[in-house]
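Basically our numbering = 1-based index in the sequence shown + 140.
For glycine and all other residues, C-beta sits at the position ideal for the given N, C-alpha and C.
Please read these numbers as outputs of a predicted model, since none were measured by experiment.
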Amino acid sequence: MKLASVWAFVVTLLAAAVIRVTPAAAQTPAPQAPTVATMPAAGSSIFLGGVPSGAPTPGVLRLTILDAMSRALDHNLGVLTAEEQLGRASGARWRELSALLPNVNGHVSETRQEINLAAFGFTGSTPPFSEIPTIVGPFNVFDARVGVTQNVVDMGALNHTRSETHNVEAARQSYRGARDFVVWVAGDLYLQALAASARVDSARAQQDTAQTLYTQAQDLRQSGIIAGIDVLRAEVQLSAETNRATRAVNDFQKAKLQLARVIGLPPGQAFDLDPMLPELPTPDLTLDQAVARALDTRGDYKAALERVNAAEAARQAIIGEALPAVRVNADFGDIGLSPSDAHTTFSVTGALQIPIFQGGRTRGRLLEADADLRARRTEAEDLKAAIYYEVQSAFLDLESTKQQLDVATKARDLASQQLTQSRDRFAAGVGSNIEVVQAQEAVAVANEQYISALYGFDLAKGALIRGVGTAEDTLRQYLGGAR
Numbered sequence: 141m142k143l144a145s146v147w148a149f150v151v152t153l154l155a156a157a158v159i160r161v162t163p164a165a166a167q168t169p170a171p172q173a174p175t176v177a178t179m180p181a182a183g184s185s186i187f188l189g190g191v192p193s194g195a196p197t198p199g200v201l202r203l204t205i206l207d208a209m210s211r212a213l214d215h216n217l218g219v220l221t222a223e224e225q226l227g228r229a230s231g232a233r234w235r236e237l238s239a240l241l242p243n244v245n246g247h248v249s250e251t252r253q254e255i256n257l258a259a260f261g262f263t264g265s266t267p268p269f270s271e272i273p274t275i276v277g278p279f280n281v282f283d284a285r286v287g288v289t290q291n292v293v294d295m296g297a298l299n300h301t302r303s304e305t306h307n308v309e310a311a312r313q314s315y316r317g318a319r320d321f322v323v324w325v326a327g328d329l330y331l332q333a334l335a336a337s338a339r340v341d342s343a344r345a346q347q348d349t350a351q352t353l354y355t356q357a358q359d360l361r362q363s364g365i366i367a368g369i370d371v372l373r374a375e376v377q378l379s380a381e382t383n384r385a386t387r388a389v390n391d392f393q394k395a396k397l398q399l400a401r402v403i404g405l406p407p408g409q410a411f412d413l414d415p416m417l418p419e420l421p422t423p424d425l426t427l428d429q430a431v432a433r434a435l436d437t438r439g440d441y442k443a444a445l446e447r448v449n450a451a452e453a454a455r456q457a458i459i460g461e462a463l464p465a466v467r468v469n470a471d472f473g474d475i476g477l478s479p480s481d482a483h484t485t486f487s488v489t490g491a492l493q494i495p496i497f498q499g500g501r502t503r504g505r506l507l508e509a510d511a512d513l514r515a516r517r518t519e520a521e522d523l524k525a526a527i528y529y530e531v532q533s534a535f536l537d538l539e540s541t542k543q544q545l546d547v548a549t550k551a552r553d554l555a556s557q558q559l560t561q562s563r564d565r566f567a568a569g570v571g572s573n574i575e576v577v578q579a580q581e582a583v584a585v586a587n588e589q590y591i592s593a594l595y596g597f598d599l600a601k602g603a604l605i606r607g608v609g610t611a612e613d614t615l616r617q618y619l620g621g622a623r
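Written as structure tokens, this is what we have:
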């Protein structure tokens with residue numbers, strides 16, 4: 141029991157020693173590539189959900205990045221919600237439009253009644269009604285009639301309809317922007333899953349190397365070439381690499397789960413990722429050109445401008461409700477004691493309605509409309525600035541990751557050479573495995589930097605394509621072309 145405790149204490153000390161002897165560069169975390177966390181905070185969480193359809197298929201589904209994007213367009217919760225909002229906006233427009241269109245109603249009635257004329261002041265003792273009986277009836281009244289109501293001049297109804305028309309266009313642009321956004325989200329998560337898969341391969345390679353070094357240390361210890369501390373240090377390093385591999389596998393599986401949820405895969409569907417990626421083009425644009433294109437094509441910005449127009453029309457509608465309105469009411473039909481002896485009658489009425497005093501209701505609604513209009517303009521200006529910073533950030537990430545990829549490729553090769561030489565020195569007995577541990581950590585960090593830069597470069601290109609609002613157009617280009 142005491143021996144086990146001493147052994148655990150020694151292993152703990154060696155682990156701390158390994159950390160202390162690790163070079164500073166190896167302890168520095170690798171730069172992180174852009175992730176889905178860079179999405180706009182407002183409303184972005186809805187794009188991380190999906191609506192599955194169907195049952196899982198047998199076997200393992202081979203999923204390419206283009207497949208993932210296409211499925212996201214059909215099953216992502218954010219896209220489906222934007223589509224429903226477009227339908228709701230269309231319904232609201234038809235409701236307001238009905239005030240400008242003729243309203244036609246028809247009715248058929250058959251009435252049997254008896255009237256007491258005395259209740260209306262027609263008494264039998266009052267000339268010239270002395271000869272008319274007080275009680276009339278019972279008698280029948282048949283009436284079949286069609287009525288039409290038409291607003292001829294109604295500025296309030298006209299501007300309400302204009303406001304809802306702008307809201308429909310805003311919803312349509314929001315739907316387009318949602319589709320563009322979800323293409324980027326799906327691609328981003330797919331690339332993150334591929335990066336996690338590459339980290340699994342790297343961690344397992346490091347684990348195999350650590351296992352080989354541990355076995356080599358045991359053999360050298362039995363030959364009397366090295367001391368026992370080198371064997372312990374190799375075992376500690378093997379434990380660290382095993383833990384790293386376990387974490388990498390867990391992170392990879394979670395990344396796959398998040399991707400499956402976003403694109404709406406059926407729960408329980410097994411799938412693999414295709415590491416072969418289409419070559420994303422680097423947009424040949426300057427910053428000013430990219431911003432100008434983004435403002436011209438981004439659905440979310442166009443939707444914001446349409447909401448400004450809708451708020452302006454809503455304000456004009458309130459003013460229009462305080463203006464005179466002209467309406468025409470007409471009816472046409474047959475009336476009589478029965479359908480057989482009914483006669484045709486009609487009426488046409490023109491009415492001028494003049495609002496005189498509404499107790500401050502119009503002023504209160506105008507104050508609310510002014511506040512709403514200012515809010516919509518502020519949102520549009522904020523989004524315009526956000527697009528500029530988003531595009532500029534994408535340019536910075538693109539340049540940075542490109543340079544990181546060049547440096548990380550060289551660093552990975554150098555770290556591999558360093559590990560080979562330190563292993564040779566250790567095998568020859570001219571060096572301790574402290575150098576080997578340091579070289580292993582350098583390889584691990586170099587691999588992580590290479591993976592982050594490699595996939596970060598594609599993420600940066602995707603972010604720039606998303607920033608200028610051409611993500612779905614790019615997807616269509618690849619789906620329609622050669623794979």
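| query | Per DSSP, what kind of secondary structure is R455 in: helix, strand or coil? | reply | helix
| request: Report the option in L559, Y618, T541, E581 whose CA atom is closest to the CA atom of I591. | output: T541
| message | Could you check whether T489 and I475 sit closer than 8 Å to each other, using their CB atoms as the reference points? | response | no
| message | Please tell me whether I527 and V431 are closer than 8 Å, where the distance is taken between their beta carbons. | response | yes
| said: Looking at V583: is its Cβ nearer than 8 Å to the Cβ of L559? | reply: yes
| task | Would you identify the three-state DSSP class for G408, choosing helix, strand or coil? | result | coil
| request: Can you give me the start and stop residues for the alpha helix (DSSP H) that N307 sits inside? | output: 295-362
| request: Return helix, strand or coil for Y618, following the three-state DSSP convention. | output: helix
| task | Kindly indicate which three-state DSSP category A462 falls into: helix, strand or coil? | result | coil
| said: Taking 8 Å as the cut-off, does the segment 506-513 touch the segment 405-412 (at least 3 CB pairs, one atom from each stretch)? | reply: no
| task | Less than 8 Å between the CB atoms is what I'm expecting for A548 and A586, so what's the real figure, rounded? | result | 7 Å
| query | According to the neighbour-count rule (16 or more other Cβ atoms, all chains shown, within 10 Å of its Cβ), is W324 buried or exposed? | reply | buried
| I think L427 touches Q532, with their Cβ atoms under 8 Å apart; what is that distance to the nearest whole Å? | 6 Å
| Under the three-state reduction of DSSP, which class applies to T610: helix, strand or coil? | coil
| field | Given 8 Å, three or more beta-carbon pairs between the segment 292-305 and the segment 457-465 | value | yes
| message | For Q377, which residues in the same chain have their Cβ closer than 6 Å to its Cβ, ignoring the five residues on either side in sequence? | response | A350, V577
| query | Looking at Y330 and A208, is the spacing between their C-beta atoms short of 8 Å? | reply | yes
| message | Quick check on D124: does DSSP put it in helix, strand or coil? | response | No information on residue 124 is available, as it lies outside the stretch 141 to 623 that the chain covers here.
| query | Nearest to L257 by CA position, among I403, P273, L420, L201, is which residue? | reply | P273
| said: Judging by CA-CA distance, which residue of K601, S556, A434 is the nearest neighbour of V608? | reply: A434
| Beta-carbon separation of V191 and L226 under 8 Å? | no
| request: Go to S249, then tell me how far its beta strand (DSSP E) extends in each direction, as first and last residue. | output: 243-256
| field | Per DSSP, the bridge partner or partners of N390 | value | Bridge partners of N390: none, in fact.
| message | Which residues does DSSP list as the beta-bridge partners of T485? | response | G473
| said: If you measure between the beta carbons of L477 and V281, is that distance less than 8 Å? | reply: yes
| message | Contact defined as beta carbons within less than 8 Å: I believe A310 pairs with A443. What is the distance between those atoms, to the nearest angstrom? | response | 4 Å
| R361 to E419 span [Cα, whole Å] | 51 Å
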